[in-house]
Amino acid sequence: MIKILVKQIGEYKKDAIITPVFTVLEVVAELLVPYAIAALIDQGIEAGTCVTSISTAASASAGFACNLRQSMFENIQTFAFSNIDRFSTAGLVTRMTTDVTNMQMAFQMCLRIALRAPLMLICSMAMCLLINAKLSMIFLVAIVVLAAATALIMSKAMKIYNHVFHRYDDLNASVQENISAIRVVKAFVREDYENEKFTKAAAKLYELFVRAEKLEALNMPVMMFIVYGCILAVSWFGARFIVAGSMTTGSLTSLFSYVMTAFSSLMMLSMVFVMMTMSAASGRRIAEVLMERPGITDPASPIDTVKDGSIDFDHVSFSYRQGSGEKTLSDIDLHIRSGETIGIIGGTGCGKSSLVSLISRLYDVDSGSVRVGGEDVRSYGLEALRGQVAVVLQKNVLFSGTVMDNLCWGKAEGYMDEYRNACRMACADEFVERLPEGYESWVERGGANFSGGQRQRLCIARALLKSPRVLILDDSTSAVDTATDTRIRKAMQTAIPGTTKLIIAQRVSSVQDADRILVLDNGRVSGFDTHEGLLKTNSIYQELYEVQTKGGGDFDDQ
Amino acid sequence: MKDLMPLMGRVMGVMLREYMGQFCLVVALILIAAFATLRGTLFMRELVDVYIKPMIGVESPDFGPLAQALLRLALVYLAGLLCSYGYNLLMAVISQGTLKKIRIQLFSKMESLPIRYFDTTPHGDIMSVYTNDVDTLRQLIGQTIPQLVNSSVTIVITFISMVCLNIPLTVLTLCMVAVMLLAASKLGGRSSPSPAPPSPTRLY
Numbered sequence: 001m002i003k004i005l006v007k008q009i010g011e012y013k014k015d016a017i018i019t020p021v022f023t024v025l026e027v028v029a030e031l032l033v034p035y036a037i038a039a040l041i042d043q044g045i046e047a048g049t050c051v052t053s054i055s056t057a058a059s060a061s062a063g064f065a066c067n068l069r070q071s072m073f074e075n076i077q078t079f080a081f082s083n084i085d086r087f088s089t090a091g092l093v094t095r096m097t098t099d100v101t102n103m104q105m106a107f108q109m110c111l112r113i114a115l116r117a118p119l120m121l122i123c124s125m126a127m128c129l130l131i132n133a134k135l136s137m138i139f140l141v142a143i144v145v146l147a148a149a150t151a152l153i154m155s156k157a158m159k160i161y162n163h164v165f166h167r168y169d170d171l172n173a174s175v176q177e178n179i180s181a182i183r184v185v186k187a188f189v190r191e192d193y194e195n196e197k198f199t200k201a202a203a204k205l206y207e208l209f210v211r212a213e214k215l216e217a218l219n220m221p222v223m224m225f226i227v228y229g230c231i232l233a234v235s236w237f238g239a240r241f242i243v244a245g246s247m248t249t250g251s252l253t254s255l256f257s258y259v260m261t262a263f264s265s266l267m268m269l270s271m272v273f274v275m276m277t278m279s280a281a282s283g284r285r286i287a288e289v290l291m292e293r294p295g296i297t298d299p300a301s302p303i304d305t306v307k308d309g310s311i312d313f314d315h316v317s318f319s320y321r322q323g324s325g326e327k328t329l330s331d332i333d334l335h336i337r338s339g340e341t342i343g344i345i346g347g348t349g350c351g352k353s354s355l356v357s358l359i360s361r362l363y364d365v366d367s368g369s370v371r372v373g374g375e376d377v378r379s380y381g382l383e384a385l386r387g388q389v390a391v392v393l394q395k396n397v398l399f400s401g402t403v404m405d406n407l408c409w410g411k412a413e414g415y416m417d418e419y420r421n422a423c424r425m426a427c428a429d430e431f432v433e434r435l436p437e438g439y440e441s442w443v444e445r446g447g448a449n450f451s452g453g454q455r456q457r458l459c460i461a462r463a464l465l466k467s468p469r470v471l472i473l474d475d476s477t478s479a480v481d482t483a484t485d486t487r488i489r490k491a492m493q494t495a496i497p498g499t500t501k502l503i504i505a506q507r508v509s510s511v512q513d514a515d516r517i518l519v520l521d522n523g524r525v526s527g528f529d530t531h532e533g534l535l536k537t538n539s540i541y542q543e544l545y546e547v548q549t550k551g552g553g554d555f556d557d558q
Numbered sequence: 001m002k003d004l005m006p007l008m009g010r011v012m013g014v015m016l017r018e019y020m021g022q023f024c025l026v027v028a029l030i031l032i033a034a035f036a037t038l039r040g041t042l043f044m045r046e047l048v049d050v051y052i053k054p055m056i057g058v059e060s061p062d063f064g065p066l067a068q069a070l071l072r073l074a075l076v077y078l079a080g081l082l083c084s085y086g087y088n089l090l091m092a093v094i095s096q097g098t099l100k101k102i103r104i105q106l107f108s109k110m111e112s113l114p115i116r117y118f119d120t121t122p123h124g125d126i127m128s129v130y131t132n133d134v135d136t137l138r139q140l141i142g143q144t145i146p147q148l149v150n151s152s153v154t155i156v157i158t159f160i161s162m163v164c165l166n167i168p169l170t171v172l173t174l175c176m177v178a179v180m181l182l183a184a185s186k187l188g189g190r191s192s193p194s195p196a197p198p199s200p201t202r203l204y
């Protein structure tokens with residue numbers, strides 16, 4: 001763990017090394033002061049090195065924090081969904097903020113004090129021994145006791161701190177949830193409920209923190225107890241030695257001043273320990289993120305072109321938690337030819353979205369294999385695969401920027417004609433071109449200033465711009481009226497005949513003119529045939545059709 | 001720098017509203033602890049002059065007065081020690097309690113804000129209020145404030161003893177302090193430029 005963290009010091013190594021050097025100079029200067037008569041000169045040296053070591057320490061630690069954040073972010077970007085599920089988004093946020101700040105503070109302290117304090121301690125102990133070896137034995141005993149006590153307290157506090165950061169995650173999760181889902185909270189008037197939930201999380205954090213800090217508060221009196229005990233003992237025995245003539249009053253006084261120096265550095269050291277216990281928990285959490293290997297990686301020699309749009313599922317089983325036994329998909333065996341239009345239908349939770357997420361390798365299969373263009377998806381480079389398999393998700397995300405920026409996201413450069421074309425196919429042109437600023441109109445965060453249907457259509461256009469081999473529409477026209485829905489499908493059939501199109505839908509009408517329709521039921525294939533075929537043979541499909549056409553299951557259809 | 005004082009006042013306000021009694025107790029305990037430390041320092045001077053010197057060369061030295069004085073000092077030390085433990089305990093409760101209060105206030109305030117606020121404020125900014133900014137406050141309340149009280153007590157005591165000892169030298173020292181403060185405010189001002197840092201997660 002430490003090795004990984006140390007690596008992150010990176011280019012700030014120079015500062016990190018210089019700091020201790022300056023610190024050593026500083027200590028030397030400081031310890032010379034009592035000896036040197038020309039105190040002014042020494043003071044000058046001391047002030048100089050002190051300022052330099054503070055500023056190099058600050059630069060090194062800020063740089064360290066920056067590096068930590070950057071490499072964490074870079075590593076997170078490579079994470080597969082399974083990795084992110086493991087850490088939780090809020091957990092990652094805490095790790096990038098609070099934990100890094102803790103590390104930064106601790107690192108800065110360490111650089112400055114962790115070397116300085118022991119050095120001061122050793123030097124002043126040496127001076128003590130020089131002055132009077134017998135008396136100095138008292139300190140040696142004291143220091144051993146102190147070290148033991150500190151270690152005990154710290155190890156206990158450490159355990160609590162580990163819990164503290166878990167609570168931090170909970171708290172941040174609550175905040176994050178509320179920020180991103182504020183509309184829902186407001187719509188259901190659940191502010192009070194959420195407040196209560198947050199209050200509980202905050203109270204729990206408070207409890208743990210108080211427990212940890214109370215433990216640490218014990219550190220101070222223990223230390224003071226020992227220091228004061230030493231002073232008293234030195235006073236008593238020192239007086240005896242002086243009276244007996246084996247020591248002078250002058251050496252007693254300088255002994256005291258060295259003892260005080262030794263103990264003040266001890267105190268600083270214990271402060272460093274407090275910081276270290278806190279940062280050890282943080283450091284471990286950061287190292288976890290840095291060490292986490294993405295669950296999905298490129299193969300050693302990736303294929304970078306997808307030959308065609310054929311998709312094959314060979315006895316695929318999949319579960320979100322490997323080894324849990326709960327299969328989300330079991331024994332799926334499908335073969336889709338390039339250019340086909342496939343409808344996928346089935347009740348909620350039957351595995352429709354899971355099925356398609358395997359195609360773009362958002363998750364890996366448990367057993368069996370998924371092939372696109374005749375090759376296993378695991379043999380492609382992720383970029384190549386995902387560039388050729390465009391997915392329009394159920395939940396559409398637009399980013400703040402212009403409409404154009406959002407469209408560009410799918411493809412780096414393009415011509416106006418291409419944008420217009422894609423938008424026309426997705427039936428997005430009708431509202432985009434009516435906007436006062438057209439393609440340069442501003443999109444708010446999350447696309448808040450567009451309606452659900454408009455957002456969906458923009459996302460479809462974005463996916464079309466990639467000119468993919470496989471296009472997956474995961475219930476992406478749910479907020480679009482039936483007439484437009486039909487127009488989008490018609491446009492795609494004629495404009496991109498070579499692209500394999502998978503359309504997940506709730507409405508039978510959205511898929512009935514597809515080449516073939518896949519009916520999923522509880523993670524298994526229930527039927528895979530044309531509309532007419534299924535109507536004759538598949539009971540689930542018959543039922544869906546009956547309900548939706550006769551009962552007018554969707555008022556759009558009436 | 002200019003709006004630092006009202007800001008500090010506000011944080012202190014939240015703290016004092018909830019923990020007025022405890023905070024007063026903390027100040028009192030810090031005072032006692034500081035006096036105990038001072039007493040210890042003064043004793044060092046007395047030790048040689050009052051107790052040891054008279055005994056040097058005496059045939060059968062009487063260690064009784066010294067033992068008594070050390071015992072008294074031990075009691076003072078013990079009191080100081082207990083006080084400092086006490087205020088550390090109290091500070092743990094006060095600082096974490098204040099933070100809890102601030103967090104809850106922040107959250108319920110956030111919940112009451114209109115959706116427009118969430119649309120126009122980067123979510124990262126809101127998040128970082130809870131994470132970075134509250135953490136910084138933890139430092140302020142947990143460490144800076146007790147240090148402030150502690151240091152002010154020490155300054156006052158030191159100043160009084162300085163005035164008692166030598167007035168011209170005291171004046172000279174005050175001048176040097178003024179120079180130091182000037183330098184510190186210049187340096188401190190440089191580390192926080194007046195426009196707020198642009199990045200949502202700011203280093204400090």
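So the sequences go chain by chain: L and C. Numbered according to this note's numbering, the first sequence terminates at residue 558, and the numbering increases by one at each position without gaps. Numbered according to this note's numbering, the second sequence terminates at residue 204, and the numbering increases by one at each position without gaps. Glycine included, C-beta positions come from ideal geometry on N, C-alpha and C.
Query raised in the report: So, using beta-carbon positions, are G346(L) and L520(L) closer together than 7 Å?
Result: yes
Query raised in the report: Exposed or buried, which one is I342(L) when buried takes at least 16 other CB atoms within 10 Å?
Result: buried
Query raised in the report: At what residue ranges does the segment 188-275 of chain L contain a whole run of the alpha helix (DSSP H), taking only runs of 4 or more?
Result: 191-217, 219-244
Requested in this report: Return the first residue and the last residue of the alpha helix (DSSP H) that F107(L) is part of.
Outcome: 100-109
Report task. Answer with yes or no whether the minimum CB distance from D135(C) to chain L is below 7 Å. Result -> yes
**Report entry** Same chain, Cβ closer than 6 Å to D304(L), five either side skipped, listed in chain order
**Finding:** G381, A384
Query raised in the report: Do S124(L) and T261(L) have their C-beta atoms within less than 7 Å of each other?
Result: yes
Query raised in the report: Got a sec: is the Cβ-Cβ distance from I138(L) to anything in chain C below 7 Å?
Result: no
Query raised in the report: Name the chain C residues whose beta carbon is nearer than 7 Å to that of W442(L)?
Result: What W442(L) touches in chain C: nothing, since even the nearest Cβ is about 12 Å away.
Requested in this report: Compute the Euclidean distance between the alpha carbons of Q548(L) and V189(L), then round it to the nearest angstrom.
Outcome: 33 Å
Query raised in the report: Taking Cβ positions only, does V48(C) come closer than 7 Å to chain L?
Result: yes
Query raised in the report: At which residues does the beta strand (DSSP E) containing L520(L) begin and terminate?
Result: 516-521
Query raised in the report: So which residues of chain C does F209(L) contact, with C-beta pairs closer than 7 Å?
Result: Q96
Requested in this report: Below 7 Å between beta carbons is the criterion; list the residues of the segment 99-112 of chain L that meet it against any residue of chain C, in chain order.
Outcome: T101
Query - Neighbour flag for R103(C) against chain L, beta carbons, 7 Å - result: yes
**Report entry** Whole-angstrom distance between E46(C) and P54(C), CA atom to CA atom
**Finding:** 12 Å
Query - Sheet register partners of G452(L) (DSSP bridge) - result: DSSP output for G452(L) lists no bridge partner at all.
Query raised in the report: Would you say S60(C) reaches chain L, if we count a Cβ-Cβ gap shorter than 7 Å as a contact?
Result: no
Query raised in the report: Looking at V149(C) and I30(C), is the spacing between their C-beta atoms short of 7 Å?
Result: yes
Query - Local conformation of G97(C) per DSSP, three classes - result: helix
Query raised in the report: Which residues of chain L have a Cβ atom closer than 8 Å to the Cβ of I126(C), listed in chain order?
Result: V175, I179
Report task. Under 7 Å Cβ to Cβ from T249(L), same chain only, skipping five residues before and after it: list those, please. Result -> I242
Query raised in the report: For M64(C), which residues in chain L fall below 8 Å Cβ to Cβ?
Result: In the sequence on display, residue 64(C) carries Gly and not Met. Going along chain L, no residue has its Cβ under 8 Å from G64(C), so there is no contact; the nearest lies around 12 Å.
**Report entry** Closer than 8 Å at the beta carbon, the chain C residues around M492(L)
**Finding:** Those within 8 Å of M492(L) in chain C number zero; the least Cβ separation is about 33 Å.
Query - Within-7 Å CB hit, A92(C) to chain L - result: yes
**Report entry** Residues that L232(L) contacts on chain C, provided the C-beta gap is smaller than 8 Å
**Finding:** L70, L73, A74, Y77
Requested in this report: Taking the CB atoms as reference points, tell me whether S360(L) and R321(L) lie closer together than 7 Å.
Outcome: no
**Report entry** Residue range of the unbroken alpha helix (DSSP H) whose run includes R138(C)
**Finding:** 134-139
Query raised in the report: What distance in whole Å lies between the Cβ atoms of M224(L) and S151(C), which are believed to be in contact at a cut-off of 8 Å?
Result: Between M224(L) and S151(C) the Cβ distance is about 18 Å, and since that is not below 8 Å, they are no contact.
**Report entry** Cβ pair I226(L), A117(L) closer than 7 Å
**Finding:** no
Report task. Select from the segment 181-192 of chain L all residues with a C-beta closer than 8 Å to any C-beta belonging to chain C, and list them in chain order. Result -> I182, R183, V185, K186, E191
Query raised in the report: Is the segment 195-212 of chain L touching the segment 160-179 of chain L, taking contact as three or more C-beta pairs under 8 Å?
Result: yes
Query raised in the report: Which whole-angstrom value is the C-beta distance of R469(L) and G309(L), which I expect to be below 8 Å?
Result: 4 Å
Requested in this report: Please determine, among V356(L), V184(L), M109(L), R487(L), the residue with the shortest C-alpha to C-alpha distance to L334(L).
Outcome: V356(L)
Query raised in the report: Would you report the Cα separation of A36(L) and A36(C), rounded to the nearest angstrom?
Result: With a pLDDT of only 40 at A36(L), under 50, the local geometry of the prediction cannot be trusted, and the value read off the model is given with reservation. So the two alpha carbons sit approximately 32 Å from each other.
Query raised in the report: Looking at I286(L) and I311(L), is the spacing between their C-beta atoms short of 7 Å?
Result: no
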